[in-house]
Structures are given as C-alpha cells and as structure tokens.
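If you read the protein sequences in the order shown, they are chains A and B.
If you count the first sequence from 1, you need to add 8 to reach the working numbering.
If you count the second sequence from 1, you need to add 8 to reach the working numbering.
A virtual CB, placed ideally from N, CA and C, is assigned to each residue, including glycine.
Heads up, the thing below is written out as structure tokens.
Protein chains: 2
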Amino acid sequence: MRKKAVVLLSGGLDSATALYYAKSKGYDCKCLIFEYGQRHKKEVESAWKIARSCGAEYQVIKIDLPWKGSALLDSKMPIPRGRSPRRIKSGIPDTYVPARNTIFLSFAASYAEATGAEAIFIGANAVDFSGYPDCRPEYYEAFRRSIRLGTKAGVEGRTIRIVTPLIDKTKAQIIRMGMRLNVPYRYTWSCYIGGKRPCLRCDSCILRAKGFKEAGLTDPLSRT
Amino acid sequence: MRKKAVVLLSGGLDSATALYYAKSKGYDCKCLIFEYGQRHKKEVESAWKIARSCGAEYQVIKIDLPWKGSALLDSKMPIPRGRSPRRIKSGIPDTYVPARNTIFLSFAASYAEATGAEAIFIGANAVDFSGYPDCRPEYYEAFRRSIRLGTKAGVEGRTIRIVTPLIDKTKAQIIRMGMRLNVPYRYTWSCYIGGKRPCLRCDSCILRAKGFKEAGLTDPLSRT
C-alpha cells in the first residue's frame, strides 16, 4: 500500500508545488481545500483544478470565522498595494488571518489521523513571504510537538509528520522546483483581489512577479 | 474595560464549570460552541442554556469532519458501555475524536486574537477522564507554545493564555467547585448517547456518577 499524505492546498503557487513535490516522493495525496470566507472564490477554484491536474483526491472544508480580523476576510479593511518586497517582509500586514494555519493544520491532523496518513504537507515559506508568524519554522516545530502529544497516533508512536518542503526557499527556487515537477502554474492563483486578472499590485502578486523574474521565467498567467 | 476570555463550551459538566470559574475571575466571557457532527444535538442545546444562564455571549461554529474516525461521529462504531472508571482510564477509547481539541483551540485562538481576548479557558481534565491525549497537561504546554509562536499577538508580546483550571482535579473536586460557583448543573449534558435521559452506562455517564457520588451530592439530572 502506498504511503498516504494530507496536503493543504490553497490554490496558490506554493501549495501547488508542495502537492507535486509530495506526489514525486511517492505519496498518495489527499488534499484539503478551505473555504473560510475569503473575499473571492478564485483560489478555491484554482485549488480544485490543481488537485485534479494530478489526480489527487480532495475535500473542500467550509468554515466560518465570524470574527474576521483580516483584510482577506473583511472587505472594510483595505488590502495593502504597491509595496516593495522588502517592505512586505518588514512586518505583519492586515492580510494576516488570525491563527489560520493552526486551524488548517488541525483539520489536516484530524484527517491524517482518521485515514492513517503519515504526513501533512504545507507550502509555507519564510523567505519571500509576508511576515506571517504561522509561516516560520519555529512555529512548525511547536505545532509538530502539540500533534505528537495531543493525538492517539502520536501517543501510540505513529507520529504524523508535518512537512514544509519550501520553508527556506526563495520564490524563484520554488518556481524552478515546480517547473521541474511540471506544476501547471497556469492554474494557480495568487492575487488577493480576485479580479478577472491578477492585480499585480497586492503583496502576493508582487512576490510572485519577483519570483518569476528571478527565476528567469515567464508567469503563464501573464500570457492570458 | 474588563479583561476578555474565550471559553470553549461543550454543554458538559467540566466546561460549564470552567465558564463559571472564568466569570468568577472577572473575565468578560465569549463562548464558542461547536456543532461538529455529533450524533446528537443535546449537548449543543445544553451549551446554549449554560452560556445564557450567566449572560455570556456565544457563537455556534459548525464544522464538518467528513472523515469521522470516532464513535461520537460515526453511528456505525459502537459507543463503549458498562466499563469501570479504572477501565475507562486505561486506554484511548473509540469515542476519541482525532485532533478535536486542537481544532477547537485553533478556532478559539483565532477568535481571541481577533477580539483582543487575553485568555482561552478549556475544561480539560486529566484525572477522571477517558485517556484522551488532548486532555493532558503536556499537550497544552506544547499547544500554548505553538500559539505564542504562530500568532501576531504572540509575536508582539500579547500572549494568549490557555487556561485549564480543572486539569488536575478529580470529578468530585470539579463538582464541589462548581457548586460553590452556582453552576446550574441541571442544564449540563454528559451522556454520549443523547436519549431523553442519560443512559448511565457510557463512559461519560459513569465518570459523572462517580463524581457526584464522591462529592456526596445528588446529580440534578437524576431527579428529572
């Protein structure tokens, strides 16, 4: 029987790469996609397409965070635009969603434990990122420990690994890795705004553009 | 302004006591109640009544765990009955829900962070309990750390405390404490089955009966 993994899939470039990486390592991947009150559904649609593109199973989990607390959930909060990559990394912006990765990982841990998956893959990155605290390696170390101590699987020695294959890579390195793995980047969606085309001015668009530029490649989304 | 706390409320005896304890410590309490696919709704109704009994705000969060993996969620899995308190504590039974407290705490952390609450109260107990790994002090230590490292609040020094006031108490001690705090135990619901009256044979009923007996008190539910 093939080893199983749960993959957190957002529809963005990083999580798509993490999925294809997990597949390349021989895992039977089951994706979790969250509808958590985002301003737009484009990333959820992208996530479906990416899962289907490699024949991975997926579950869409709908959750409500009525307290919002993020510009990604609350249309009254402006989304920062036109910031330099350096500025983006310098603090925690309003697009941070309180405890988002903890919520996503807790569902993934439940899914992994119930289905006997031995690993959870998440495309978190702490280099070309927005300074979100739940993307840093020290957070993952702590969360791994809580899962080892707080699950039946962990107590019985069947530890669920939390794998962050992109955590210390630049966006350009992630894109090059994804190109080798044939990730269909044309299906991915990074823009926070969710218009017909990427806005090219939000933090997520700017980090993506920087990555393709530094990798010496053309973003397939820029051709459409 | 009064200090704020998020309280996880299940409708059972322990979480009701934790809520009244938090109130007695001067917290403005906001309760989180989860509908997560339990076999019955009685505990959710009990949770509402308890929140209302002390004028606490509450939010009901509906989540779906389609993978189930627990006798509390999957009606095809039998609920253990007629076991002694000693036997109940000796292993992790099928009523364990994979990563349940991690899921609940992650929502609580999000809610606390978004609303500026400084503490999360949870009525977990590691003495008269079913051996669930996510009720043990070492798990809470690890989870606290992950929240400190993985939230904006934590990074900025506004640590969200995770308070487990009942963790090392016997059920009898919890009940005595609750009586002093005027917890309306008549509203609480512990039975896993969810019939018209408590079954008195599931692990939860047995631990509750043991607690009232050792406290030398009568369970108000036994009078109805």
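Are the C-beta of residue i and some C-beta of chain B separated by less than 8 angstroms?
i	result
Q46 (chain A)	no
Y66 (chain A)	no
D211 (chain A)	no
Y35 (chain A)	no
P93 (chain A)	no
T238 (chain A)	Given a span of 9 to 232 for chain A in the structure shown, any question on residue 238 (chain A) remains unanswerable.
A150 (chain A)	yes
W56 (chain A)	no
F220 (chain A)	no
E141 (chain A)	In the sequence under discussion, the amino acid at residue 141 (chain A) is Pro, which differs from the Glu named in the question. Chain B contact via Cβ: present.
R169 (chain A)	no
Could you please give the first and the last residue of the uninterrupted alpha helix (DSSP H) stretch that includes residue i?
i	result
L113 (chain A)	108–123
K31 (chain A)	21–32
V135 (chain B)	Counting along the chain, V135 (chain B) falls outside any alpha helix (DSSP H), and DSSP gives it neither H nor E.
L40 (chain A)	That residue, L40 (chain A), is in no alpha helix (DSSP H); its beta strand (DSSP E) goes 36–43.
V163 (chain B)	160–163
V243 (chain A)	The question about residue 243 (chain A) has no answer here: the residues shown for chain A are numbered 9 through 232.
R169 (chain B)	Element bounds for R169 (chain B): not the alpha helix (DSSP H) but the beta strand (DSSP E), 169–171.
M9 (chain B)	Looking at the DSSP string, M9 (chain B) is not in any alpha helix (DSSP H), and its letter there is neither H nor E.
D211 (chain B)	211–223
Q181 (chain B)	179–188
A55 (chain B)	50–61
I96 (chain A)	93–96
What residues in its chain sit with their C-beta under 6 angstroms from that of residue i, if we drop five residues either side in the sequence?
i	result
S227 (chain A)	One detail in the question is off: residue 227 (chain A) reads as Asp in this sequence, not Ser. F220.
I24 (chain B)	For the sequence presented, residue 24 (chain B) should be read as Ala rather than Ile. I58, V191, T196, listed in sequence order.
F129 (chain B)	A13, V15, A26, A30, V171
R156 (chain A)	G162, T167
M85 (chain A)	A79, D102
E222 (chain B)	A180
S32 (chain B)	L189
A127 (chain B)	A13, R169, V171
Have a look at residue i and residue j and give me their C-alpha separation to the nearest angstrom.
i	j	result
G139 (chain A)	R152 (chain B)	21 angstroms
T196 (chain B)	Q67 (chain A)	34 angstroms
K70 (chain B)	G202 (chain B)	19 angstroms
S198 (chain B)	F115 (chain B)	23 angstroms
P8 (chain A)	L229 (chain A)	With chain A represented from 9 up to 232, any question about residue 8 (chain A) goes unanswered, as that position is not in the structure.
T224 (chain B)	R188 (chain B)	Correcting the residue type first, residue 224 (chain B) is Gly in the shown sequence and not Thr. Each residue's Cα considered, the two are about 14 angstroms apart.
T172 (chain B)	K204 (chain A)	48 angstroms
R89 (chain B)	L21 (chain B)	19 angstroms
A125 (chain A)	I168 (chain A)	7 angstroms
E43 (chain A)	I182 (chain B)	39 angstroms
V105 (chain B)	I111 (chain B)	10 angstroms
M9 (chain B)	A64 (chain B)	16 angstroms
W56 (chain A)	Y29 (chain B)	45 angstroms
L17 (chain B)	Y35 (chain B)	15 angstroms
L208 (chain B)	S54 (chain A)	50 angstroms
S154 (chain B)	I41 (chain B)	23 angstroms
G158 (chain B)	L113 (chain B)	13 angstroms
G45 (chain A)	A150 (chain A)	27 angstroms
Where do the N-terminal and C-terminal ends of the beta strand (DSSP E) with residue i fall, by residue?
i	result
Y66 (chain B)	65–70
I128 (chain B)	127–129
With a CB to CB cut of under 7 angstroms and the five nearest residues on each side skipped, what residues in its chain are close to residue i?
i	result
I175 (chain A)	A132, N133, A134, P145
K218 (chain A)	P93, D136, K179
I96 (chain A)	S138, D211, I214, L215
S61 (chain B)	P192, Y195
I87 (chain B)	A79, T103, Y200, I201, C210
Is there a Cβ of chain A sitting closer than 8 angstroms to that of residue i, yes or no?
i	result
S233 (chain B)	Absent from the structure is residue 233 (chain B), since the part of chain B shown begins at 9 and ends at 232.
E43 (chain B)	no
N109 (chain B)	yes
A122 (chain B)	yes
S118 (chain B)	yes
F137 (chain B)	no
D72 (chain B)	yes
Y147 (chain B)	yes
V52 (chain B)	no
G77 (chain B)	yes
G165 (chain B)	no
F115 (chain B)	yes
I87 (chain B)	no
Ignore the nearest five residues each way along the sequence and tell me which others in residue i's own chain have a CB closer than 8 angstroms to its CB.
i	result
K177 (chain B)	N133, V135, M185
I100 (chain A)	S138, G139, Y140, P141
K38 (chain B)	K12, A13, V14, V15, A64, E65, Y66, Q67, Y119, T123, A125
Y147 (chain B)	N109, P141
A107 (chain B)	D142
S83 (chain B)	R47
Report whether the distance from the Cβ of residue i to the nearest heavy atom of the ligand MG is below 7 angstroms.
i	result
G124 (chain B)	The ligand content of the structure shown is nil, which means the ligand MG is not present either.
Can a CB atom of chain C be found closer than 8 angstroms to the CB of residue i?
i	result
K84 (chain B)	The structure shown contains no chain C; the protein chains it does contain are A and B.
For the pair the stretch 9–25 of chain B and the stretch 78–90 of chain B, tell me if three or more CB-CB distances fall below 8 angstroms. Below 8 angstroms, too few C-beta pairs join the stretch 9–25 of chain B and the stretch 78–90 of chain B to call them touching: fewer than three.
If contact is defined by three or more beta carbon pairs under 8 angstroms, each pair taking one atom from either stretch, is the stretch 67–75 of chain A in contact with the stretch 114–123 of chain B? Touching, yes.
Are the stretch 48–67 of chain A and the stretch 148–162 of chain A touching by the rule of at least three beta carbon pairs closer than 8 angstroms? The stretch 48–67 of chain A is not in contact with the stretch 148–162 of chain A.
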